[in-house]
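**Student:**
2 protein chains.
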Amino acid sequence: MTGSPLTIDGDRLWRTLMELAEIGAYHDERTGLRGVNRLALTDADAEGRRLVIGWLREAGLDLRVDPMGNIIARRPGTDADAAPVVTGSHLDSVATAGAFDGCLGVLGGLEVVRTLDERGISTRRPIEVVVFTEEEGVRFGTDMLGSAVAAGRIPLAVAHDLIDRDGISVGAELTRTGFAGDGPARFDPPHAYVECHIEQGPVLARAGLSVGVVTGVQGISWQQVTITGRAAHAGTTPTELRADAGIAAARIVLRLREMVDCAGYGELRATVGHLAVHPDLTNIVPARAELTVDLRNPDDEQMARAEADLADYLDSLVGSGITVSTRRMARTAHVPFDARVQQVIAAAAGDHGLDQMSLLSGAGHDAQEMAAICPAAMIFVRGEYDGISHNPREYSTPEACARGIDVLATALVRLADE
Amino acid sequence: MTGSPLTIDGDRLWRTLMELAEIGAYHDERTGLRGVNRLALTDADAEGRRLVIGWLREAGLDLRVDPMGNIIARRPGTDADAAPVVTGSHLDSVATAGAFDGCLGVLGGLEVVRTLDERGISTRRPIEVVVFTEEEGVRFGTDMLGSAVAAGRIPLAVAHDLIDRDGISVGAELTRTGFAGDGPARFDPPHAYVECHIEQGPVLARAGLSVGVVTGVQGISWQQVTITGRAAHAGTTPTELRADAGIAAARIVLRLREMVDCAGYGELRATVGHLAVHPDLTNIVPARAELTVDLRNPDDEQMARAEADLADYLDSLVGSGITVSTRRMARTAHVPFDARVQQVIAAAAGDHGLDQMSLLSGAGHDAQEMAAICPAAMIFVRGEYDGISHNPREYSTPEACARGIDVLATALVRLADE
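Take a look at the structure:
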């Protein structure tokens, strides 16, 4: 493996992370901490993008914005014809986020470029830092949206037509915020893709390590379940005459927990994050309930079995005035990352003197979309507090962040000189 | 018992019911029926009130609006000093209502007065027809609000300060809609109170009867339960590290159903009509859940035991990051109605040649508030489809409505001649 290990400026990286976290910041009453709320293509997201674009321009990068709002910042290589090495992540957040999810990968890429410039290091291949649009999927219902369009999995027109709960479309918000760019929606296949991200889980912290090499992303299945029952008066309607959609919803929530606890589906995780009843009034038996089911599994067969058994359970609830319908929101199979890119990352970590481990990602990431068009892998950075994320308590130390970006820098340069 | 049975004009009564139901009408997609949405002190409620006020004025009644927005329409008696006999009900509805709940009692009172005028019948005591404000309690969280203020149970200032989900107060809405009247907030004790209402349950229909004499109202307990857990990433957070407020909420929903089914709490009914999670996003473990618990029981001791056991269950959920808090929204004990007024109603029904039965009310009614300041009882009218109510399918036949108001007319005249 060629190229000396490259050490970035951890203090400068930290300052950019903290400055970006001011945009969309809010006071979280429960934790007393400062949280971040920067849902994709809101005013806050647009403001965060403009801040980062300013930094990317200051670093001398050539910028383009594609029709999906993905921002591609390019540092030229010495070989004008060579396919680039790409790094990146996202700036959009969930509604109750911390400072690190996504931002570490983007600002880490920026920091790598700054370091290369300061050291006068050129690479054969271009290095690109990408900001992908709507990675979280919480606003428009499909996660990794920007990278999925870039990789050609989701057509641009389909992505543009997705709407949020208020009926506002991705396309309209891209135009409104000034991020409806032009040029091709699909990326030319890069030479490789490497993304640094916080782990969002407890594995590295429990192992006492700062960084990990990600072997792949577990399968993800998102469904919306709608239950219809019958509205009725809470005081007068005998229990046996009720068709209570809320009770059916509660049964589904607990059934999913039973499926997780029974250990019959491998390493299944299940979450009902969205749950609502209608008409949602104290003294009316719910006529309708709506919930989302988020399943994760590193084993595609176990996932398929969990989905099938859930479908059977939903069928078993039908009758006596109750009907159940489902709508597929998203589904991605287990994505294994490229073995050689993992080796480059592992070697870089070793050259930085870092103990490391390989681990699977529990969350979806833009890297899994890029993996469809080029060799890709990820670097995970340890999170404190058991890696809690999507929560204002999300925290990685300045040291852990710097070590992760050290490894990113070294790996990117080595891949860019291939 | 003096006074001949008085038969009202059922066709005219029906026309007023149907005309009023046009106000706040909506097309219900699920049933294909026309529903009514006239939440208290909305524009639709105000429009309905103005329509009914017009009819009450045409009938020659003296109107006043009290500071709680209750409308009192008075037909003088021959004895200026005699306490009035009062009938009435409410015009506000739940969000998914039919044409009969409340409206039958008010328009029935109007029809009684029209009939007395046409027949040239005078009574010793005045007869008053009252429209009570916010009986449903779904907008401002406290049911029987107008009658509770009139009866002195809830202070006027407390009622005025109640707010809806948007933070808008009762007082502000009374002023905005023009129904902030003057004069005393508390009623002088009437001689008696009789209210005719749809049963909202299956008892009369299953017994094959048109009308029933109501012996009282079962106890009602409303609580809001708030569960706090911890937001976390759905993909990465191991199940054992989660504090999922949504799962705790689901457990409560099902526990209540178990309590009902176990038959250990007498004729307990339990409903979770409101259920919401926060942040309510697909891939985030709910950090908070909120639900309402509506308990009904005709036996005060059984009710108290159910409440205590529920409180114990809520306590048992606390721990591992989950906390539970409750807020009392409303509580009324079992209210027995006046035996003699029940006798007057039963005799009137008999004189009309109607088979009848006595039954307990499952729902709360303004009559239970009036029962605190005067002898009171109710007439129930049979509902079709097992008495479904708070639903666009709510329906009572023109014949059943007319028979109920026949009984009301005869009972009111007899009480007004005492």
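If you read the sequences in order, they're chains A and B. Take 1 as the starting number for the first sequence in our numbering and just add one per residue. Take 419 as the starting number for the second sequence in our numbering and just add one per residue. Ideal Cβ positions, reconstructed from N, Cα and C, are used throughout, including at glycine.
1) Going straight from the alpha carbon of M1 of chain A to that of D406 of chain A, what length do you get?
2) Short of 6 Å in beta carbon distance, which residues of its chain neighbour G137 of chain A, apart from the five on each side in sequence? Order them along the chain.
3) Contact between the region 607 to 618 of chain B and the region 519 to 537 of chain B is defined here as three or more beta-carbon pairs at a separation below 8 Å; is this criterion met?
4) Starting from L63 of chain A, trace the beta strand (DSSP E) both ways and give me its first and last residue.
5) P126 of chain A: beta carbon under 8 Å from a heavy atom of the ligand MN?
6) L254 of chain A touches chain B at which residues, Cβ-Cβ below 8 Å?
7) Closer than 7 Å by beta-carbon distance: list the chain A residues that pair up with G805 of chain B, in chain order.
8) Have a look at B:T425, B:V512 and B:T551 and flag the residue whose alpha-carbon is nearest the alpha-carbon of T533 of chain B.
9) For A501 of chain B, return the contacting residues in chain A, with the cut-off set at a CB-CB distance below 8 Å.
10) With H365 of chain A as the anchor, note down where its alpha helix (DSSP H) starts and where it stops.
11) Can you name the residues that DSSP bridges to E195 of chain A?
12) Counting only Cβ-Cβ distances shorter than 7 Å, please list the residues of the region 680 to 694 of chain B near chain A, keeping chain order.
13) With distances taken Cα to Cα, identify the nearest neighbour of G171 of chain A among A:A159, A:D182 and A:G208.
14) My assumption, with CB atoms under 8 Å, is that G273 of chain A sits in contact with V703 of chain B. Please give the rounded CB distance.
15) DSSP three-state label for T239 of chain A, please.
16) Since G506 of chain B and G523 of chain B are thought to touch, with beta carbons under 8 Å apart, how far apart are those beta carbons, to the nearest angstrom?
17) Please list the partners that V194 of chain A has in chain B, where partner means a Cβ-to-Cβ separation under 9 Å.
18) Short check: CB of L392 of chain A to CB of A97 of chain A, under 9 Å?
19) Please list, in chain order, the residues of the region 710 to 743 of chain B that have any C-beta partner in chain A closer than 8 Å.
20) Taking the C-alpha atoms as reference points, what is the distance between L415 of chain A and P190 of chain A?
21) Look at the alpha carbon of L162 of chain A and the alpha carbon of A311 of chain A, and state the distance between them as a whole number of angstroms.
22) Does the pairing of the region 19 to 38 of chain A with the region 376 to 385 of chain A give three or more beta-carbon distances under 8 Å?
23) Please confirm whether D386 of chain A and R139 of chain A have their CB atoms less than 9 Å apart.
24) What's the C-alpha gap between S628 of chain B and A818 of chain B?
25) Return the bridge partner residues of Q218 of chain A from the DSSP annotation.
26) Flag this pair as yes or no: are the beta carbons of L431 of chain B and A668 of chain B separated by less than 9 Å?
27) Below 9 Å on C-beta distance, what does G421 of chain B contact in chain A?
28) Where do the ends of the alpha helix (DSSP H) carrying M68 of chain A lie?
29) What's the call for G146 of chain A, buried or exposed, on a 16-neighbour Cβ count within 10 Å?
30) Which term fits H27 of chain A, buried or exposed, when burial requires 16 or more other beta carbons within 10 angstroms of its beta carbon?
31) Given a cut-off of 9 Å, decide if L457 of chain B and V512 of chain B are closer than it, judged by their beta-carbon atoms.
32) For the pair the region 313 to 329 of chain A and the region 344 to 352 of chain A, tell me if three or more CB-CB distances fall below 8 Å.
33) The alpha helix (DSSP H) spanning M303 of chain A covers which residue range?
34) List the residues of chain B that P241 of chain A touches, going by C-beta distances under 7 Å, in chain order.
35) In three-state terms, what does DSSP make of V695 of chain B?
36) Could you tell me the distance, in whole angstroms, from the CA atom of L435 of chain B to the CA atom of R467 of chain B?
**Tutor:** Result, derived from the coordinates:
1) In this predicted model, M1 of chain A has a pLDDT of only 44, less than 50, meaning its place in the structure is not dependable enough to derive any value.
2) D143
3) yes
4) D62 to V65
5) Of the ligands one can find in the structure shown there are none, so the ligand MN has no counterpart to examine.
6) I665, A668, R669 and L672
7) T236
8) B:T425
9) Within chain A, no residue comes near A501 of chain B; the closest Cβ sits about 31 Å away, beyond 8 Å.
10) Unbroken run through H365 of chain A: none, as it is neither H nor E.
11) A:M378
12) R687, T689, V690, G691, H692, L693 and A694
13) A:A159
14) 7 Å
15) helix
16) 6 Å
17) Per Cβ cutoff of 9 Å: no residues; V194 of chain A is ~20 Å from chain B at best.
18) One point to set straight first is that residue 392 of chain A is Pro, not Leu, in the sequence displayed. Yes, they are a contact pair.
19) T710, D712 and R714
20) 11 Å
21) 26 Å
22) no
23) no
24) 5 Å
25) Looking at the DSSP assignment, Q218 of chain A forms no beta bridge with any residue, so it has no partner.
26) no
27) Near G421 of chain B there are no residues of chain A at all, since even the closest Cβ is about 32 Å away, more than 9 Å.
28) Run containing M68 of chain A: none; DSSP gives neither H nor E here.
29) buried
30) exposed
31) yes
32) no
33) D300 to L317
34) The sequence given here has Leu at residue 241 of chain A, not Pro. Simply P620 and D804.
35) strand
36) 13 Å
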